[in-house]
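Residue numbers (my numbering): 3 to 299. These notes are about the structure you will find just below.
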């Protein structure tokens, strides 16, 4: 039973499409078909039902799916066991959001390098949806992001922790000078600086506005939360930011949080990797650094 055929089976099962699996694996569609037929011949059962363009797992295919994942992980463990390198080496690929990269991840690189001096780290940033797609395609080893609570039986989730989202303004601004909660309708009359539309920590605010048939016209929309925080400190307008960005500025007094009675956030920090992913020592080490940093914050 060839590992290549099992890998192809797993990709077809995940995508439910022979053509897409062939494109991702760099094979022709006919080669994928041959590999699946070889596997079905070895097992003596059909693994997929092919009705028109629809592809779905048969009952034996469902039973083999879990075992196939374990076979691939066992093969990776076997490779790892016979490596002669005295310590982990290679490349660790981490998918994260720009805001987390600027606020959290960069702080951990030095400690990680001390533990794994032979490992290069590649950081790739995207939105929550983009990161999930990177993980599905195995373009990254694990992802670290903020979004509404996520779950899939195909994932391992070593971290799922609530993350506060707060409204902030400069000390002495018209808003913070009130010393009382600001009703949502009144808030929309003040200037604001926001991250790009669709960013996970902005979504609860956008939904709240939509529920009340309200809109805002930001002075600036930009992907960098650090730039947003800087402009708010200059009293350009208020913003809504995740606590991992705003926390230090709130402690130093450079920003002040204020309450909007109608607002409730439901964001979570996640670390996720695919259940079929072999967890290397460097992968485990970086994930633990993130978790330790969060617990100490």
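Cβ coordinates follow ideal geometry from the N, Cα and C atoms, glycine included.
Residue range 108 to 117 is occupied by the alpha helix (DSSP H) that includes residue 108.
The bridge partners DSSP lists for residue 134 come to none. Excluding sequence positions up to five before and after residue 256, its CB lies within less than 7 Å of the CB of 235, all in the same chain and listed in chain order. If you draw a straight line from the Cα of residue 176 to the Cα of residue 277, it comes to about 50 Å. Distance check between residue 133 and each of 283, 146, 121 places 146 closest, using alpha-carbon atoms only. Of all alpha-carbon atoms in 28, 269, 5, the one lying nearest the alpha-carbon of residue 165 is that of 269. When the beta-carbon positions are compared, residue 49 and residue 66 come within less than 9 Å of each other. Counting only runs of 4+ residues, the alpha helix (DSSP H) found wholly inside the stretch 126 to 197 occupies 130 to 138, 186 to 189, in chain order. In this structure, the CA atom of residue 296 is about 48 Å from the CA atom of residue 40. Only buried fits residue 7, as 16 or more other CB atoms lie within 10 angstroms of its CB. For the stretch 8 to 65, the continuous alpha helix (DSSP H) assignments of 4+ residues that do not extend past its boundaries occur at 20 to 27, 31 to 45, in sequence order. Taking 8 Å as the upper bound for CB-CB distance, residue 168 and residue 243 are in contact here, some 6 Å apart.
The three-state reading of DSSP puts residue 271 in strand, counting E and B together.
Residue 179 has its alpha-carbon roughly 23 Å from the corresponding atom of residue 211.
Shown here, residue 240 sits in a strand according to DSSP, grouped into three states. Per the DSSP secondary-structure output, residue 223 pairs in a beta bridge with 196. Pairing residue 16 with residue 159, the inter-Cα distance amounts to about 19 Å. Nearest Cα to residue 69 within the set 252, 5, 22: 5. Within the model, the alpha-carbon separation for residue 106 versus residue 37 is close to 44 Å. Per DSSP, the beta-bridge partners of residue 124 are 95.
Collapsing the DSSP output to three states places residue 276 in a strand. The beta carbon of residue 104 sits closer than 6 Å to the beta carbons of 228 from its chain, once the five residues preceding and following it are set aside; these are given in chain order. For residue 218, there is no enclosing alpha helix (DSSP H), as DSSP marks it with neither H nor E.
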